[in-house]
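Residue 65 in numbering that gives the first Met the number 0 sits at position 66 of the sequence shown, and the numbers go up by one each step.
All C-beta atoms, glycine included, are put in the ideal place defined by N, C-alpha and C.
Owing to the predicted nature of the structure, the values given are computational and were not obtained by experimental measurement.
For reference, the structure is listed below as structure tokens.
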Amino acid sequence: MEPLTQQDFATLLEFRTRLRRFLAWSEQHARAAGVTPRQHQLLLAIKGHGGSCGPTIGELADYLMLRHHSTVELVDRAEEARLVARDRDAADARVIRVRLRPDGERILTALTRRHLIELGELAPVLDHLAALLEHLGDPDPQTDEPGRPAPAS
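In structure tokens, the structure reads:
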């Protein structure tokens with residue numbers, strides 16, 4: 000494993016700084032579009048969910064890394080704002096699916112266009128990090144986490 004260089008640390012710092020700026024930028028644009036940052040994430044999780052039917056609350060909780068009850072509250076607020084709707088699953092009426100309503104779809108589409116353009120600004124740093132990862136090779140098998148010895152087998 001090759002030693003890390005000052006440039007490696009500088010690249011990681013640049014990436015983390017740009018990532019934090021992107022997240023702050025994203026939150027600002029969500030609010031300007033009339034939704035909270037969490038509602039924006041919810042809309043994206045619904046639209047990005049694969050399959051022919053919308054995601055369940057449990058799937059949304061997993062995407063958003065939230066507890067089930069927090070996700071229910073988030074969906075409740077988004078439903079009150081007419082961004083999303085709940086529907087019973089066609090195959091199992093006990094299952095509730097969440098789908099976008101036209102206002103949610105419109106807001107998400109506008110935000111996504113802006114986000115994809117902004118993410119293009121991060122591409123050069125991501126490319127550099129990908130090259131850095133290739134040059135670093137495999138992590139040290141003696142550790143699972145930086146600064147921590149691997150557990151004894």
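The three-state secondary structure of aspartate 75, taken from DSSP, is helix.
Of the residues Val83, Leu125, Thr111, the one whose Cα lies closest to the Cα of aspartate 102 is Val83. In the pairwise beta carbon analysis, the stretch 109 to 129 is classified as touching the stretch 5 to 25: at least three pairs are separated by under 8 Å.
Between the C-alpha atoms of threonine 111 and valine 34 there is a straight-line separation of about 13 Å. When Cβ pairs closer than 8 Å are counted between the two stretches, the stretch 22 to 36 is seen not to touch the stretch 49 to 69, the count staying below three. By the 16-neighbour rule on beta-carbons within 10 angstroms, arginine 85 is exposed. By a beta-carbon distance limit of 8 Å, aspartate 88 contacts valine 94. Their separation comes to about 4 Å. Between the C-alpha atoms of glutamine 5 and alanine 129 there is a straight-line separation of about 17 Å.
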